[in-house]
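Scroll down for the structure; my scribbles are underneath it.
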Amino acid sequence: MTLKFAMRAGLALVLTLAGPVAAQPAVHSERARFRVVTLAAGLEHPWSLAFLPDGRMLVSERPGRLRVLGRDGRPDPRPVAGTPPVAAVGQGGLLDIALHPRFADNGWIYLSYAGAGPGGAGTEVARGRWVSDARGDRLEDLRVIYRQQPKSGAGVHFGSRLVFGRDGMLYVTQGDRGDMARAQQRGDLAGKVVRLRDDGGVPDDNPWAGRAGTRPEIFSLGHRSMQGAALHPATGELWTHEHGPQGGDEINVVRAGRNYGWPVITYGVNYGIGTRIGVGTAQPGLEQPVHQWTPSIAPSGMAFYTGERFPGWRGNLFVGALKYRMLVRLELDGERVVHEERLLKDAYGRIRDVRQGPDGLLYLLTDEADGRLLRIEPAAH
Numbered sequence: 018m019t020l021k022f023a024m025r026a027g028l029a030l031v032l033t034l035a036g037p038v039a040a041q042p043a044v045h046s047e048r049a050r051f052r053v054v055t056l057a058a059g060l061e062h063p064w065s066l067a068f069l070p071d072g073r074m075l076v077s078e079r080p081g082r083l084r085v086l087g088r089d090g091r092p093d094p095r096p097v098a099g100t101p102p103v104a105a106v107g108q109g110g111l112l113d114i115a116l117h118p119r120f121a122d123n124g125w126i127y128l129s130y131a132g133a134g135p136g137g138a139g140t141e142v143a144r145g146r147w148v149s150d151a152r153g154d155r156l157e158d159l160r161v162i163y164r165q166q167p168k169s170g171a172g173v174h175f176g177s178r179l180v181f182g183r184d185g186m187l188y189v190t191q192g193d194r195g196d197m198a199r200a201q202q203r204g205d206l207a208g209k210v211v212r213l214r215d216d217g218g219v220p221d222d223n224p225w226a227g228r229a230g231t232r233p234e235i236f237s238l239g240h241r242s243m244q245g246a247a248l249h250p251a252t253g254e255l256w257t258h259e260h261g262p263q264g265g266d267e268i269n270v271v272r273a274g275r276n277y278g279w280p281v282i283t284y285g286v287n288y289g290i291g292t293r294i295g296v297g298t299a300q301p302g303l304e305q306p307v308h309q310w311t312p313s314i315a316p317s318g319m320a321f322y323t324g325e326r327f328p329g330w331r332g333n334l335f336v337g338a339l340k341y342r343m344l345v346r347l348e349l350d351g352e353r354v355v356h357e358e359r360l361l362k363d364a365y366g367r368i369r370d371v372r373q374g375p376d377g378l379l380y381l382l383t384d385e386a387d388g389r390l391l392r393i394e395p396a397a398h
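Mind the numbering: the sequence shown is residues 18 to 398 in our numbering, read in order.
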């Protein structure tokens, strides 16, 4: 199959971008009372949200644009200049955004996206230096620091989330690109979490560095399609979630050198026919998920809540859901999920990203052609 890639690099496009609108009536949940405020609308399949130190926000749109939103949520109609060209095909396009931990000093912004090349497309990461002046907002000194190899013609399972660990390393989550066998192949970067230095170099202490036949970038393997990742606020460990097939969406604690099983073990089944994949749900030497959803909720975006605005939510894990169009709140006891609450079901559409803002509030992006940035605020009793 031959795919035609739409190559876009921050193309200027005339959009109707709306600023803040009125809040909805209060929502009564188990541990909080809140309202949802629409801060921005008219975003085209927004995928990721990041907060700049000056109070503005960055939003990626899957077709290839990076946008700046003001403190009030009002989008600048001009996209950020200097972004990389992306392969806007299927689930691919411009994906995650991450600021360097020392952004205030070095200005580095990191983007993950589907990049085209020989054989098709694959997940890539580029970094550029943020510049904002009278000429506008742009990235300078852009350089691709990571390319998933090999590329393929599939339009699915690119991933991808970017997380800087407490060790200063960049963790990149990736999907299996629709070819399940790749997730177990150690000479292949698909279906892996990779761990990189901030310049894209490979750390000497990666679990398979120097091992013949294994890509040294690999931190963990056996993943299907990871679209959520966050650091645990107490342990600093990397938590991710991934889409299962027909069932078996997983939350995992990702540790060095571990194999998370796909497609040898899974709680999901083959689409349509419902037959078993691999050997079943467990095998010695393969990791079990912290939590799994069957039927699938199609998780995307994830954040631990650590703020003061919702005391009843402190320590909870929030996950967006595409399939059931909702926000999931999970209560934890260590690495066990002990309770789940489903919020906002069918109220706002497919929830693509979940972030805690510097103000202690939760922010959501909806994955729609007319996507929105939403803010969850406490409501008076």
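Glycine included, each C-beta is placed from N, C-alpha and C at the ideal position.
Check, Outcome
"Residue 350 versus residue 397 - alpha carbon distance", "29 Å"
"Expected contact under 8 Å - CB spacing of residue 106 and residue 130 to nearest Å", "Residue 106 to residue 130, Cβ: 11 Å. No contact."
"DSSP three-state assignment for residue 370, whether helix, strand or coil", "strand"
"Nearest residue (CA-CA) to residue 87, options 327, 154, 275 and 191", "154"
"C-beta contact flag for residue 294 and residue 280 at 8 Å", "yes"
"Where residue 175 sits in the DSSP three-state scheme", "coil"
"Cβ pair count under 8 Å reaching 3, the stretch 308–321 against the stretch 333–342", "yes"
"Coarse secondary structure for residue 32, derived from DSSP in three states", "Residue placement at residue 32 is flagged as unreliable, the pLDDT there being 45, under the threshold of 50; the coordinate-derived value follows with that caveat. The answer is coil: DSSP assigns residue 32 none of H, G, I, E or B."
"Which listed residue (111, 99 and 198) has its alpha carbon closest to that of residue 66", "111"
"Beta-carbon spacing of residue 391, residue 55 below 8 Å", "yes"
"Touch test, the stretch 367–374 against the stretch 43–61, Cβ-Cβ under 8 Å, three pairs minimum", "no"
"N-terminal and C-terminal residue of the alpha helix (DSSP H) that residue 266 is part of", "Element bounds for residue 266: not the alpha helix (DSSP H) but the beta strand (DSSP E), 266–271."
"Rounded separation between residue 193 and residue 128 - CA only", "19 Å"
"Supposed close pair residue 162, residue 143 - CB separation, criterion 8 Å", "7 Å"
"Residue burial classification, residue 384 (beta-carbon count within 10 angstroms, cutoff 16)", "buried"
"CA-to-CA distance, residue 216 to residue 160, given in whole angstroms", "9 Å"
"8 Å Cβ cutoff met for residue 166 and residue 213", "no"
"Coil, strand or helix - residue 279 by DSSP", "coil"
"Helix, strand or coil at residue 397 [DSSP, three-state]", "coil"
"Paired residues, beta bridge with residue 385 - DSSP", "DSSP, once it has assigned bridges, lists no residue as partnering residue 385."
"Residue span of the alpha helix (DSSP H) that contains residue 236, given as start and end", "Residue 236 -> not in any alpha helix (DSSP H); beta strand (DSSP E) instead, spanning 235–238."
"Own chain partners of residue 31 with C-beta closer than 7 Å, once the 5 adjacent residues on each side are dropped", "Its pLDDT being 37, under 50, residue 31 is placed unreliably in this model, and the coordinates cannot settle the point."
"Test item: CB-CB of residue 285 and residue 302 under 8 Å", "no"
"Sub-8 Å separation of residue 368 and residue 53 beta-carbons", "no"
"Pairwise C-alpha distance: residue 171 and residue 18", "Legend: pLDDT at residue 18 = 36, less than 50; position of this residue unreliable, value from coordinates given subsequently. Computed Cα separation, rounded: 8 Å."
"Identity of the residue in 273, 270, 263 and 271 nearest residue 289 by Cα", "263"
"Beta-carbon contacts of residue 242 that lie in its chain and below 6 Å, excluding the five residues immediately before and after", "174, 192, 259 and 260"
"Continuous beta strand (DSSP E) stretch holding residue 68: start and end", "63–68"
"Spatially closest choice to residue 329 from 226, 158 and 377, by CA coordinates", "377"
"Beta-carbon proximity of residue 178 to residue 93, cut-off 8 Å", "no"
"Simplified DSSP assignment, three categories, for residue 198", "helix"
"Complete runs of the beta strand (DSSP E) confined to the stretch 107–159 [at least 3 residues]", "111–116, 125–134 and 137–150"
"Classification of residue 27 by the beta-carbon crowding that lies within 10 angstroms, buried from 16 upward", "For residue 27, the predicted structure reports a pLDDT of 43, less than 50, and the residue's modelled location is therefore unreliable. The matter cannot be settled from this model."
"Identity of the residues DSSP links to residue 316 by a beta bridge", "338"
"Candidates 70, 58, 73 and 150: closest to residue 98 by CA position", "150"
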